[in-house]
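Residue numbers (our numbering), protein chains in the order written: chain A, 373 to 554; chain B, 206 to 673; chain C, 1403 to 1813.
By construction, the Cβ of each residue, glycine as well, lies at the ideal position given by its N, Cα and C atoms.
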Amino acid sequence: MKPSTRSRYYGVLAEFESPAALVAAARATHAAGYRKYDAYSPFPIEELADAMHDHKNPIPKIVFFAGLTGACVGFGMQVYANLIHYPMNIAGRPLYAWPMFIPITFECTVAFAAFTGVLAMLALNGLPRPHHPLFGVPRFSQASQSRFFLCIESSDPKFELEAVHKFLEGLKPMEIHDVEDE
Amino acid sequence: MAVSNEFEPSVSPTSRLPVIGPGHTYASINEKISAIVLLRGTTFGWLVGFGIAFMIFMMMLGSISYLIYKGVGVWGINNRVGWGFDIINFVWWIGIGHAGTLISAILLLLHQKWRTSINRFAEAMTLFAVACAALFPVLHLGRPWYAYFLFPYPNTMGMYFPQFRSPLEWDVFAVSTYASVSLVFWYVGLIPDLATMRDRARNWFTKTVYGFFSLGWRGSARHWHRYESIYLLLAGLSTPLVLSVHTIVSFDFAVSIIPGWHATFFPPYFVAGAIYAGFAMVLTLAIPVRWVYGLEDFITDKHLENMGLITLVTGNMVGYAYIMELFYGWYSANEYEQFMVHNRVLGPYWALYVALIVCNIIAPQLLWSKRIRRNAWWLFAISMFVSVGMWLERYVIIVVSLHRTFLPSGWGTYAGTFWDWTLYIGTMGFFLTLLFLFIRLLPMISMSEMQMLLPGASGAPQKGEAKS
Amino acid sequence: MSYDTKPLQWDAPVPAAILRFQTPALVIGLLGVILAVVAAVLDFRQFLHAYLFAFTFWNGVTLGAMVLLMIQYLTGGGWGILGRRTMEAAARNMGLMALLFLPILAGVLLNKLYIWTDTARVEADHHLHQKATYLNVPFFLVRLVFYFAVWIAWAHFLSRWSLEQDQSGDKKLAQKLRNLSGPGLLIMAITMTFSNIDWLMSLEPYWFSSMYPLINMVGNLLSAICVTAALVALMADNAPFKGLISSKHFRDFGNLMLAFTMLWTYTSLSQFLITYSGNLPEETPWYLNRLNGGWGYVAASLLVGHFMLPFVVLLQRQVKDPGKPLIYVGGFIILMRMVDLFWWIKPTYDAGQGFQAVEHLSHFSLSWMDLIAPLAIGGVWVWFYLRNLQQRPLIPRHDPHFKEAFAHGGH
């Protein structure tokens, strides 16, 4: 494919047929020194994270601390309501009936952890983002269906159109597409 | 896979049924599942089914309208039995919902690959069942427009907080957390498939709608990494959550001192019953759906057999609870407890108790037979029995325990009225209406997860495929 | 990925790292038995409470191992194959447990342990009189024989068919074992429930709780999985485990420990919450006796040591994946299991055995017998356990799921 004459690119996209080919390509790309690149697939591929050296994942920590916050908020709310805000004798039970506070504390823990976790996932992924330069490539619609893509982005310091083309061709993809920035 | 001859097991693995039919590729999975929504169009059969469900749903709205116009007096509840159909139906529906979470969360954590093809469907069932369940306690309030009093909020009355020491308030937190976390779990699972639908849609409108809800998902490996992490964590959180919901439902009864309600083993007993009813409902729905839409490749006989086995196990747990309930009633040496047991088995509602035993304990014993477990029609019939049986169980626990308590002068009877029945049956229409819309509008099997079941999906090199 | 392709040493002996415990166990056991006899002579009633507590724990490990064996036959999975022989070794101690029940039987016959064996008292007490249809010595003996007959029978066939499978590789045996396990789980649930009612709940015959046998069952499973996981982890560096076992299997063991820890918490907390809020005079003394007079500290230690610590620790993959830390976590949980059972049983010693009056509340006490009894039974149990372990290859090579479970380091 002839490189486009436009000056600004988002990156160069290579299309592969199988998950194994994509994993091998990602390994090679990382080994070649590229860092701003990404792989696209219709389903998560177990070996990709390893191939791309993508090990950072703050989500479990975020979920843990959100859950802890939820527990404190839930328990604190009930203690405040029953002991400080409006102490009321119900069936002669103690005001600080801590066993009775456990269920709501638990529910608050789960609710805080779950919602914070999902929001954190979306935020870290930069979603929702309805449009993206990659959607400009017609073949990219296959990335959610049955093809596997690798894109080396122009923000990579090593990015040079010709060199990247040459490198990707060496990986024997099915096709190579230029991704224009918009 | 390399197992050297030295220790090759001489016993071949027992004939295990596959979780996905033969000959599928990444593309064929997408095509087959998305075609149900995108290409099949609105068929006559769907319209008839939807139409009937919608009419029953309308009956529910009519029943609710009359209820709000006249008040809860139109129901059969009275001074003896203040919790009638409403709480029976609430517990019944919410129990049914639990199988969805169990399939999507617990089986995911247990690496049970067969869950993949039924989890989306089962989760949808959870959401719709919880929606039906939530209607009942809210309507039972009498003035449902004040339902927001149940939540803590700053107000002019000076009491910002509800009564946190009441299990009914725990229900509010449990059910609202459960409904919203289940919705989020379901939606997160849908995002990649919505992107597939977006990319496969053939007209602008469909593309835009799916595109909007797919949040611009593009299948980036870095995104998948975080996505999988939160999906597993949501499964980990949902597992204790689903147990807590039915536990708290059981606390509604168990923290009181009514004989027949106050039993310390109510939490696991209720959880087992909920899973039991839920799997029966999944079978009831999955068997016709796989037949109508030709999904035998994805919902295989192995799925049916496994669900049959879980039904058998939980059915026997429930059976254990029935037996022990009778034993402890006698062992307590407390005259009220002993009377409760006597009244339950031999009192005016004895016929319901017998029906309950037949439906919930005797019928599922057929599942010990492998032949029956692998026969869709037998499973369908047994699951119907279980659904009825679990409704009867709640009827027996609630009505029969309440109608004769400590003071004989306060004894009475209870029966549902026309408005109780129309509301109950109406919620089934509501449930089915939502289910028909779901089948028509969303991929009912997770495409991305089904693709992961194919060999080579992990990215490891396959036989005959050179490492490039 | 796939495991080591070097041939496995199927008949590798039990590693020396394990066997070095055998002789000390026997010495401790025999010394303990001698001291236990001394204890029984000095104060039979005090001794019986200590002995019942120790017996309940070790019998629980044995029963829990049997239940786990049946579960793994039905569900499959690498952990079941790796732990099968250690669980079998425990289950084969069932006959020993029947023998070790004799002191408790003496306690029943001599009217030293349970108040319902005192006929004069039962006659005078309306409540006990009503229960006498169930709580009487002859019927107790009938049930006792039934429990052990069922347990020994199931342990026998579980063990025998597994050995036959190992020797002949007969394909039908896997199905036979599954057919034994399905109904077996039902039978175990019933017998474990009623034996719990007979031996523990009837210590305080005015009290009853339908959750109590379930907590006991979950506790038994927890004890058994901790023993199994710890032992497998101890042997992991030696043939035939080396190369076969991977971090995924350890994670499964760790997750099972976590699951049973959470279930124990769930059942214990539910019983407490329902009793607390019901606030009925026949139920609350059980907790009053166990939360006052020093026992509250024991209860708090259970909350921390039986739930919080294991829960937080077992959530970490760094603990589960290497396997070795499971030895220490398992050992700690086993210790807490003993504390839990001690907290259940010892307060009945001086709590007036279920008198409802508050002035009879129990006070914390720890006698030397409470330390000797678990060591005595434990020493003997461990000696037989290690002897059983040496009699068979450590891996059931002819399990039909073997290939499936270990290809790709799978589950």
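### Message
I want to verify the contact list: residues of chain A whose CB lies under 9 Å from the CB of C:L1671, in sequence order.
### Response
Within the third sequence, numbered from 1, the residue matching residue 1671 of chain C stands at position 269. In chain order: P471, I474.
### chain C residues whose Cβ lies nearer than 9 Å to that of B:V460
The count along the second sequence starts at 1 and reaches residue 460 of chain B at position 255. By Cβ distance, chain C contributes L1675, I1676, Y1678, S1679, G1680.
### Query
Taking any Cβ of chain C, which residues in the segment 465-481 of chain B have a Cβ under 9 Å from it, in chain order?
H467, A468, T469, F470, F471, P472, P473, Y474
### Message
Output needed in chain order: residues of the segment 517-533 of chain B with a Cβ under 7 Å from some Cβ in chain C.
### Response
N521, Y525, M529, Y533
### Integer-rounded CB distance, given that B:M402 should sit under 8 Å from B:P553
Here the question's residue 553 of chain B lines up with position 348 in the second sequence. Here the question's residue 402 of chain B lines up with position 197 in the second sequence. In fact, because the Cβ distance is near 55 Å, the residues do not count as touching under 8 Å.
### Query
Curious, which full-length beta strand (DSSP E) runs of at least 3 residues does the segment 315-350 of chain B contain?
none
### Query
In chain order, what residues of the same chain have a beta carbon less than 6 Å from the beta carbon of B:F643, not counting five sequence neighbours either side?
As a first step, residue 643 of chain B is located in the second sequence; it is residue number 438 there, counting from the start. For B:F643, where only same-chain residues beyond five positions count, the Cβ hits under 6 Å are A329.
### Task
Pick out whichever of B:W624, B:A586, B:I311, B:G281 has its Cα sitting closest to the Cα of B:A440.
Working through the second sequence from its first residue, we reach residue 440 of chain B at position 235. Looking at the Cα atoms, B:I311 is the closest of the given residues.
### Query
Using the beta-carbon count (16 or more within 10 Å), is C:A1522 buried or exposed?
For this step, residue 1522 of chain C is matched to residue 120 along the third sequence. It counts as exposed.
### Task
Give the secondary structure of B:S425 by DSSP, where H, G and I count as helix, E and B as strand, and everything else as coil.
Translated into the one-based positions of the second sequence, residue 425 of chain B becomes position 220. B:S425 falls in the strand class under three-state DSSP.
### Query
Hey, is B:A538's beta-carbon within less than 8 Å of any beta-carbon in chain C?
Within the second sequence, the letter at position 333 stands for residue 538 of chain B. By this cut-off, B:A538 is an interface position.
### Task
Can you give me the Cβ contacts of A:E534 inside the same chain, cut-off strictly under 6 Å, excluding the 5 residues immediately before and after it?
Mapped onto the first sequence, residue 534 of chain A falls at position 162. Closer than 6 Å at Cβ, skipping near neighbours: no residue.
### Message
Tell me the residue span of the beta strand (DSSP E) that contains A:C523.
### Response
The count along the first sequence starts at 1 and reaches residue 523 of chain A at position 151. Taken as a continuous stretch (DSSP letters only), the beta strand (DSSP E) holding A:C523 covers 520-525.
### Message
Given a cut-off of 8 Å on the beta-carbon distance, is the pair B:Y231 and B:Q656 in contact?
### Response
One-based indexing of the second sequence puts residue 231 of chain B at position 26. One-based indexing of the second sequence puts residue 656 of chain B at position 451. It is a contact, given that the beta carbons lie within the stated cut-off.
### Rounded straight-line distance, which links the Cα of B:V377 to that of A:L491
Locating residue 491 of chain A in the first sequence gives position 119, counting from the first residue. Locating residue 377 of chain B in the second sequence gives position 172, counting from the first residue. Looking at the two C-alpha atoms, the distance is approximately 24 Å.
### Message
In this structure, how does DSSP classify C:E1685 when only helix, strand and coil are distinguished?
### Response
Within the third sequence, the letter at position 283 stands for residue 1685 of chain C. DSSP places C:E1685 in coil when its eight states are reduced to three.
### alpha helix (DSSP H) runs contained entirely in the segment 1614-1673 of chain C, provided each spans 4 or more residues
1614-1637
### A:Y412 - partner residues in DSSP beta bridges
Numbered from its first residue, the first sequence carries residue 412 of chain A at position 40. In DSSP, A:Y412 forms a bridge with A:F521, B:S425.
### Query
In terms of residue numbering, what span does the alpha helix (DSSP H) encompassing A:I434 cover?
Residue 434 of chain A sits at position 62 when you count from the first residue of the first sequence. That run of the alpha helix (DSSP H) goes 431-451.
### Query
Quick one: Cα of C:W1666 to Cα of C:N1790, how far?
As a working note, residue 1666 of chain C is residue 264 in the third sequence. As a working note, residue 1790 of chain C is residue 388 in the third sequence. Roughly 29 Å separates the two Cα atoms.
### Task
Note down, in chain order, every chain A residue with its Cβ under 8 Å from the Cβ of B:S663.
Here the question's residue 663 of chain B lines up with position 458 in the second sequence. Those are P391, I417, E418, E419, listed as they occur along chain A.
#### Entry: Against chain B: residues of the segment 1644-1660 of chain C by CB proximity under 7 Å
none
### Task
Output the distance between the C-alpha atoms of C:V1760 and B:A538, rounded to the nearest integer angstrom.
Mapped onto the third sequence, residue 1760 of chain C falls at position 358. Mapped onto the second sequence, residue 538 of chain B falls at position 333. For C:V1760, the predicted structure reports a pLDDT of 49, less than 50, and the residue's modelled location is therefore unreliable. The matter cannot be settled from this model.
#### Entry: Burial state of A:G542 (16 or more Cβ within 10 Å)
By 1-based counting over the first sequence, the position of residue 542 of chain A is 170. That one is exposed.
### Task
Could you say if the segment 1488-1499 of chain C and the segment 1462-1474 of chain C meet the contact criterion of at least three C-beta pairs nearer than 8 Å?
yes
### Query
Going by the CB atoms, is the gap between C:L1693 and C:A1701 shorter than 8 Å?
Here the question's residue 1701 of chain C lines up with position 299 in the third sequence. Here the question's residue 1693 of chain C lines up with position 291 in the third sequence. Against a cut-off of 8 Å, the Cβ pair of C:L1693 and C:A1701 comes out as a contact.
### Query
With a Cβ-Cβ cutoff of 8 Å, do C:L1607 and C:I1517 count as a contact?
As a working note, residue 1607 of chain C is residue 205 in the third sequence. As a working note, residue 1517 of chain C is residue 115 in the third sequence. It is Pro, not Leu, that sits at residue 1607 of chain C in the sequence shown. Taking 8 Å as the Cβ cut-off, C:P1607 and C:I1517 qualify as a contacting pair.
### Message
Taking the beta carbon of B:R320 as the centre, do at least 16 other beta carbons fall within 10 Å, making it buried, or is it exposed?
### Response
The sequence position of residue 320 of chain B within the second sequence is 115, counting from 1. So B:R320 counts as buried.
### Query
What in chain B is Cβ-close to C:F1610, meaning under 8 Å?
Translated into the one-based positions of the third sequence, residue 1610 of chain C becomes position 208. Going along chain B in sequence order, the residues near C:F1610 (Cβ under 8 Å) are Y533, Y536, S537.
### Message
Taking 8 Å as the threshold (C-beta atoms), are B:W616 and B:R285 in contact?
### Response
Position 80 of the second sequence, counted from the start, is the residue given in the question as residue 285 of chain B. Position 411 of the second sequence, counted from the start, is the residue given in the question as residue 616 of chain B. Cβ distance < 8 Å, so B:R285 and B:W616 count as in contact.
### Message
Quick check on DSSP: helix, strand or coil for B:V286?
### Response
Within the second sequence, the letter at position 81 stands for residue 286 of chain B. Three-state DSSP puts B:V286 in coil, outside helix and strand.
#### Entry: Identity of the residue in C:L1582, C:P1749, C:L1777 nearest C:F1766 by Cα
As a first step, residue 1766 of chain C must be located in the third sequence, where it is residue number 364. Ranking C:L1582, C:P1749, C:L1777 by Cα distance to C:F1766 puts C:P1749 first.
### Interface partners of B:E433 on chain A, CB under 8 Å
Along the second sequence, read from residue 1 onward, the residue named residue 433 of chain B stands at position 228. The answer, in chain order, is P416.
### Query
Who are the near neighbours of C:L1633 in its chain, counting only those whose CB is closer than 6 Å to its CB and skipping five residues on each side?
Taking the first residue of the third sequence as 1, we reach residue 1633 of chain C at position 231. For C:L1633, where only same-chain residues beyond five positions count, the Cβ hits under 6 Å are T1488.
### Query
Among B:A665, B:S651, B:G664, which residue has its Cα nearest to the Cα of B:N235?
Sequence index remark: in the second sequence, residue 235 of chain B carries index 30 (1-based). When only C-alpha atoms are compared, the closest one is B:S651.
### Query
Are the Cβ atoms of B:T622 and B:W280 separated by less than 8 Å?
Numbered from its first residue, the second sequence carries residue 622 of chain B at position 417. Numbered from its first residue, the second sequence carries residue 280 of chain B at position 75. Against a cut-off of 8 Å, the Cβ pair of B:W280 and B:T622 comes out as a contact.
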